[in-house]
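In what follows, a structure is listed as C-alpha cells, so that the remarks can point back to it.
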Amino acid sequence: MPALIIRRIIQSVLVMLTVAVVAFTLFRYVGDPVSQMVGQETTIAEREQLREDLGLNDPIIVQFVRFALNTVQGKFGISFRLGRPVNELFAERLPATLELSLVAALFSLVMGIPMGVYTGLYPDRVLSKVFQTISLIGISLPTFLIGILLILFFGVLLSWLPTFGRGDVIQLGWWSTGLLTDSGLKAVVMPAFTLGMFQLTLIMRLVRSEIMEVLRTDYIKFARARGLTNRAVHFGHALKNTLVPVITITGLQLGSIIAFAIITETVFQWPGMGLLFLQSIQFADVPVMSTYLILIAFFFVVINLIVDILYHVVDPRLRFDESVVLSH
Amino acid sequence: MPEPLLKIEHLGIEFHTRRGTLVAVDDISFDVLPGEVFGIVGESGAGKSLTGQAIIGLLEPPGRIGAGRIFLNDQRIDQLPYHQMRRIRGKKIGMIFQDPLTSLNPLYTVGKQLVETILTHSEMTPNQAHQHTIALLDEVGIPAAEKRIGHYPHQFSGGMRQRVVIALALCVSPSLIIADEPTTALDVSIQAQIIALLKGLCKEHDTAVILITHDMGVIAEISDRVAVMYAGRLVEVGEVRDIVKNPKHPYSQGLMGSIPSLHHKSEELIQIEGTMPGLMEIPPGCAFHPRCPHAFDRCRQRRPGLIDTKPSKVACWLFENEDRSGNT
Amino acid sequence: MKSVLRIQDTVYRFFDSDIWYSFKKSKVTIAAACVTVIMILSALTAPWIAPHNTFDPATLDLMDAFTPPVWYEDGTPKFLLGTDDQGRDIFSTILYGSRISLFVAFASMLLAMILGVTLGLVSGYLGGAIESIIMRIADVQISFPAILIVLLISGVARSVLPNVRHEEMAVWVLIFAIGISNWVHFARTVRGSTMVEKNMEYVQSARVIGRRRAAIMFRHILPNVMGPVLVIGTIGLAVAVLTEATISFLGVGVPPTEPSLGTLIRIGQSFLFAGEWWIVIFPGVALIILVLAVNLLGDWMRDALNPKLR
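Okay, here's the thing in C-alpha cells:
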C-alpha cells in the first residue's frame, strides 16, 4: 500500500505541474501584463523599464520557475481589476465557498443515498415514482434557475429567507464562518440547496442503478437461496456493495461542487471564490483567473488522492492485489 | 419404497412476453427420494435450471409457474408467500450455482457469510456458530480452516471457492440440495474432486441432491437416478445404471452414445442430426420427432406421456405396448 | 431501385422493432417527443412566426418597456407575454433565444461528437502511444467540470480578441468551448467499442484484403459503434443547452444584443423584486420544457437500446 500512495502522490505532482504550466502560459502570454497595469500616458521607454523590472524579458524557463516558486509560497501576483494582492482576495473569499460547498455536499449525500436506495429496492411504489420525478426535474433544471425560483418563492413571496449575501459572519482567526450566527444559517439554506440539488440527483440515480445492478448478481441470488432475511440481503449485502463505487464518485464530485459554486454564488451574490473568478473572466483579470485554476486543480488532486486511498481501504480486493480488475 | 422427499406434479413454467406466452417447461413430473442423488440432464435451454429455480422458489419474472404442484414432505410449497418460502430456503432446501466466484460476496469474509447463514436458521450463539463454521470448512476439505475463516473469497482458488459454496449450502443441514451445473466453471482436474466431495457429504448428512448438468459423465459418476429433459419435457426417467447401459428413448440413446469412453474400443461417436428447437418452434406431437430416426405418424400427431416400462419411464410411442403401469 | 427498397425495408423493420414498441408504450415519451418537435420547429422558424424581430434595435421603443403579459390590465395583445427593460417582446425573444440556444447546442454537440468519435476510433484502433496520450488527456480533462473549461476558454478569448471582434465571434467561441469540453464521453465509449470490434472477423478480413487503416476505421468499424454514441448525443444535447444557458446567464456567453434564454433570465433576475416577474419566468419555463423533453427522449433511448434491461 505505501508503494501505491507514493505512486499516486507522484501522479498528483505531475498533474499539478501540468496545470502550473497552463496557468503560467495564461498568466504570461494572455493579454499584456504591462499594459494592464499602467495608464495610457506611460511612455514606451517606461513600459520597457517596467518589463525589465518585472523580469518579463528573462528566458521562459527562468520565468516559469519563478512563477512556480511564487505559487508554492502563495504569492499569486496582483489583481488587474482590484489592484490588490491575489492571495489576500482569495483568503477572504475561500471560507465562504468552502462552507457553502460542504453544506451542499452533506445535503446531497444525506438525502440522495436513502432516496436512491429506496427507488432501487422498490421501483414500483408511488414514493419511488415521486423521487424519480424529482430527479428528472433536478437534472433538467439548471442550477441558476433553481436558485432563482427559490428566491422568488421563499425570498420574495414568503420572505422567510434572505435573498442574497451571507448574513452575519464570525471571524475565527483567518477563517470567517457564517454557520454560527442565526442570519448566517438562514442565508446558507437556499444556496446550499441550490448547489446540492444537482449532486443529489446524480447520487440518487447512481445509487439506484448500482443497487439494481447488484440485486441481479449471483451472490445476492445465493444469499436468497440460503434463506437470508430481506433485511440481511438488502442492507447487509446489497447496500455495502453499492456504496463502494458511490463513495468514489461522490468524493470526486466534491471538487465539482466547488467549481459549480460559481453559479450559485452569482445568483445569491455569495461572497466566495467563484464570484471572484467570474468577475475576473468578465474583466480579463488574468492573475485571478490563473490562481483560481491552480487552486481548483489543487483541491481536485488532493480529493482524488484521498478518495483513492479510501477506496483501497474499503474494498478488500484492492488491498492485496493491485492488478485485480474491478467487476463493477 | 420410502416416501418421496420431493414430489413434482405436472409442473409447467411459462414466460409472458410481448410476443405471447412461451412455455419453457411443459408438464413434467418426478419424485426425489430422501438421500438420493437425482440427476437432471439435457442440453442448454432444455429447462433444467428453470426447474431447479422453480423448486426453490427463485424463478425470476417474467418467468412464473404456470401449472402443477410441488410438494416437500407432503407440504405444498409452490404457492407459499415469500416470507414463508424464505424459511424453507437454506434450512430445508439449499441451492448452489455454477460460478463460485460470483456466488460469494467479495466484500465479506468467508467466515462471516457462513456464520450469518447459520445464525439466520438456528438458535446457536455466535460463538457456537463460529466453531461450527470451522468444523464445516474442515469437513469440505479446506486446510487450515481456523485461519482461512477470516479470508475473503478472492483469496481462494476456484476449487476451494466451490467447497466454500458447498459448505454454505450444507451449513444448516437441509434435506435437499439443488446443484445447478456445479462443476461447469471448474477445471477438469478439480471437477472430479468436487463431485466426489458432494456425493460423500450428502451421503453422510443424508441429504438428497438434484444434480442439474449437461455433462452425462458427471451424472454417470454419482447419480442414483436420472431424468432426461428435452425442449422443456421429460423424455426418460429411471435408474442411472439402466439408462446408461440401455437407453430407451432415441434422444437418450444419442446422449449416451456421445460419451467418449476410455474403456470400450473406439467406435464412432454418435451425433444426433439437427438441434433442439427453441421455445417458439416446438413442433406438435413429440418434440423430438423431427430428429428421430424412428419417427412414425403417431409421433407427429400426439405428444407421448411418460410410459412406465419398468424399470424406467419413457415418453416415446415406440414403447406403448410395454406399458406396465396398469393403464392402457 | 435497390436503395428505395432498402429504405422501405428499414422503415418496416423500425416499426416492427422493440424500439418502436417501447416508444409507443410509453405515453410520457410520446408527449416528450411531441413537445421537443414543437419547440424545435418554432425555434427554427422564429424569423417567420415571431411577432417581432427583437434583434433589430430600430423596432424597439423604450416606452414599451415593462409591459406586463396580455391578461393584465396594462397588457396588450401586441406583446403577449410582456416586454423587458428595453421594450423587447418576451414571446418573440423566447423564440429567437431558443433558436440561438438550440443552434449553439447542436453545433457544439456535433463538434464534440466528431472530435470524440474520431479520437476514440483512433485510440481504440491504433493503440500504443497515441492511445496513451489521448486517454491521459481525457482523464485529466474529465476530472474538471465542463463549466470551468468553458469559462476559461471564454475568458481567454475575451482577453485575446479585441472587443468588437469578440462580439461577432462570441457565438463561435461558445460553440468551440462547449464542444471541447464534452468530447471525452464520446471518445471513451467509442474507444471501448472499437477495441471490441477490432478483434472481430470482419475487421480481420478487411485487413487481410489490405484496406487502409483509415478506411477500416471509418467505413467498417464506425457504423458498428454508433449506437451508444447516439444516446450520449441526446443526453449531451440537453447538457449543452444547459451549459449555454448557464454561461449566458453568467454574462460570458452570447452577446447581449442577441440574447439567448439564459441571457433573458439574467436580465430578468434584477427585476424580480420590482414585481416584473414575467421577464424571468417565461424564458425559464421555456428552458425547462426544452431540457426536460430532450432528457426524457435520451432516457427512453438509453433504456430501449440497452440489451441488459430487455
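Chains as they are written, first to last, in our numbering: chain W, 4 to 331; chain G, 319 to 646; chain L, 826 to 1135.
Just so you know, even glycine gets a beta-carbon here, dropped at the ideal spot from N, CA and C.
If you're wondering where the values come from, they're calculated on a predicted model, not measured in any experiment.
Could you tell me which residues DSSP puts in a beta bridge with residue i?
{"i": "G/GLY556", "result": "G/VAL544"}
{"i": "L/TRP1103", "result": "Partner(s): none; L/TRP1103 has no beta bridge."}
{"i": "G/ASP349", "result": "G/LYS325"}
{"i": "G/ASP524", "result": "According to DSSP, which records beta bridges pairwise, G/ASP524 is partnered with nothing at all."}
{"i": "G/VAL341", "result": "G/GLU332"}
{"i": "W/ILE81", "result": "W/PRO88"}
{"i": "W/PHE178", "result": "Note on identity: in this sequence residue 178 of chain W is Trp, with Phe being the wrong assignment. Paired residue(s): W/LEU175."}
From the options, pick the residue whose C-alpha is nearest to that of residue i; which is it?
{"i": "G/VAL506", "options": "G/ASP533, G/PHE415, G/ASP396 and G/GLY556", "result": "G/ASP533"}
{"i": "G/ILE452", "options": "G/GLN431, G/SER440, G/GLN402 and G/VAL632", "result": "G/GLN431"}
{"i": "G/ALA463", "options": "G/GLN449, G/GLY476 and G/HIS472", "result": "G/GLN449"}
{"i": "L/PHE1043", "options": "L/VAL965, L/VAL1116, L/SER948 and L/PHE1074", "result": "L/SER948"}
{"i": "L/GLU1101", "options": "L/SER867, L/ALA858, L/PHE931 and L/ILE915", "result": "L/ILE915"}
{"i": "L/SER933", "options": "L/ILE1041, L/ILE1060 and L/LEU905", "result": "L/ILE1060"}
{"i": "G/ILE531", "options": "G/GLU522, G/LEU351, G/PHE333 and G/LYS366", "result": "Sequence check: residue 531 of chain G is Thr here, not Ile. For G/THR531, the nearest C-alpha among the options comes from G/LYS366."}
{"i": "W/ARG227", "options": "G/ARG404, G/THR339 and G/ASP392", "result": "G/ARG404"}
{"i": "L/LYS1023", "options": "L/GLY945, L/THR918 and L/PHE1001", "result": "L/GLY945"}
{"i": "L/ASP1124", "options": "L/LEU1062, L/THR901 and L/MET960", "result": "L/LEU1062"}
{"i": "G/GLN511", "options": "G/LEU624, G/VAL458, G/PHE614 and G/LEU323", "result": "G/VAL458"}
{"i": "G/VAL359", "options": "G/THR525, G/MET574, G/MET598 and G/ALA447", "result": "G/MET574"}
{"i": "L/VAL1116", "options": "L/SER1006, L/SER926 and L/VAL1079", "result": "L/SER926"}
{"i": "G/ILE513", "options": "G/ILE467, G/ALA633 and G/GLY357", "result": "G/GLY357"}
{"i": "L/TYR897", "options": "L/TRP1103, L/GLY1109, L/ILE1114 and L/ARG913", "result": "L/TRP1103"}
{"i": "G/PHE415", "options": "G/ALA487, G/PRO352 and G/ALA538", "result": "G/ALA487"}
{"i": "L/ALA1065", "options": "L/VAL1028, L/LEU1112 and L/HIS1045", "result": "L/LEU1112"}
{"i": "W/ILE297", "options": "W/PRO5, W/ARG10, W/ILE9 and W/THR28", "result": "W/THR28"}
{"i": "G/ILE427", "options": "G/THR443, G/ILE374, G/GLY375 and G/VAL483", "result": "The residue you asked about is not Ile; residue 427 of chain G is Thr in the sequence shown. The shortest C-alpha separation from G/THR427 is found at G/VAL483."}
Alpha helix (DSSP H) containing residue i: first to last residue?
{"i": "G/PHE333", "result": "It is not in any alpha helix (DSSP H) - G/PHE333 instead sits in the beta strand (DSSP E) that spans 324-335."}
{"i": "G/ARG481", "result": "476-488"}
{"i": "L/GLN1094", "result": "1086-1094"}
{"i": "G/LEU425", "result": "No alpha helix (DSSP H) holds G/LEU425; DSSP gives it neither H nor E."}
{"i": "W/GLU283", "result": "The question names Glu, but residue 283 of chain W is Ser in the sequence shown. That run of the alpha helix (DSSP H) goes 276-285."}
{"i": "L/SER957", "result": "953-967"}
{"i": "W/LEU72", "result": "63-76"}
{"i": "G/CYS617", "result": "615-619"}
{"i": "G/ARG609", "result": "Looking at the DSSP string, G/ARG609 is not in any alpha helix (DSSP H), and its letter there is neither H nor E."}
{"i": "G/ALA364", "result": "Unbroken run through G/ALA364: none, as it is neither H nor E."}
{"i": "W/GLN256", "result": "242-271"}
Helix, strand or coil for residue i per DSSP?
{"i": "W/LEU2", "result": "Residue 2 of chain W cannot be examined here, being either before or after the span of chain W that is shown, 4 to 331."}
{"i": "G/THR501", "result": "coil"}
{"i": "G/PRO629", "result": "coil"}
{"i": "G/GLY572", "result": "helix"}
{"i": "W/ASP324", "result": "Bear in mind that a pLDDT of 47 at W/ASP324, under 50, signals an unreliable position, so the number given afterwards is only what the model happens to contain. DSSP places W/ASP324 in coil when its eight states are reduced to three."}
{"i": "G/GLY596", "result": "coil"}
{"i": "L/MET1025", "result": "coil"}
{"i": "L/LEU1134", "result": "Per-residue confidence for L/LEU1134 stands at a pLDDT of 46, beneath the threshold of 50, marking its modelled position as unreliable; the derived number appears in the next sentence. The answer is helix: DSSP assigns L/LEU1134 an H, G or I state."}
{"i": "G/MET413", "result": "strand"}
{"i": "G/LEU494", "result": "strand"}
{"i": "W/GLN14", "result": "helix"}
{"i": "W/THR122", "result": "helix"}
{"i": "L/VAL1119", "result": "helix"}
What residue does the beta strand (DSSP E) around residue i start on, and which one ends it?
{"i": "G/ILE358", "result": "355-359"}
{"i": "G/PHE389", "result": "381-390"}
Report yes or no: is there a C-beta of chain C within less than 8 Å of the C-beta of residue i?
{"i": "W/THR21", "result": "The structure shown contains no chain C; its protein chains are W, G and L."}
Contact the segment 177-196 of chain W vs the segment 225-245 of chain W: 3+ CB pairs below 8 Å: no
The segment 193-203 of chain W contacting the segment 218-229 of chain W, beta-carbon criterion three pairs below 8 Å: no
Stretch-stretch touch, CB-based, cutoff 8 Å, three pairs: the segment 1051-1068 of chain L with the segment 1031-1040 of chain L: no
At least three beta-carbon pairs within less than 8 Å, the segment 993-1003 of chain L to the segment 969-979 of chain L: yes
Any 3 or more C-beta pairs closer than 8 Å across the segment 399-417 of chain G and the segment 340-348 of chain G: no
Given 8 Å, three or more beta-carbon pairs between the segment 154-172 of chain W and the segment 245-252 of chain W: no
Any 3 or more C-beta pairs closer than 8 Å across the segment 258-277 of chain W and the segment 472-481 of chain G: no
Inter-stretch contact at 8 Å, needing at least 3 Cβ pairs: the segment 487-504 of chain G / the segment 238-245 of chain W: no
contact_flag[the segment 333-340 of chain G, the segment 611-628 of chain G] where n(CB pairs < 8 Å) is 3 or more: no
Three CB pairs or more closer than 8 Å across the segment 84-99 of chain W and the segment 283-292 of chain W: yes
At least 3 beta-carbon pairs within less than 8 Å: the segment 204-214 of chain W vs the segment 122-132 of chain W: yes
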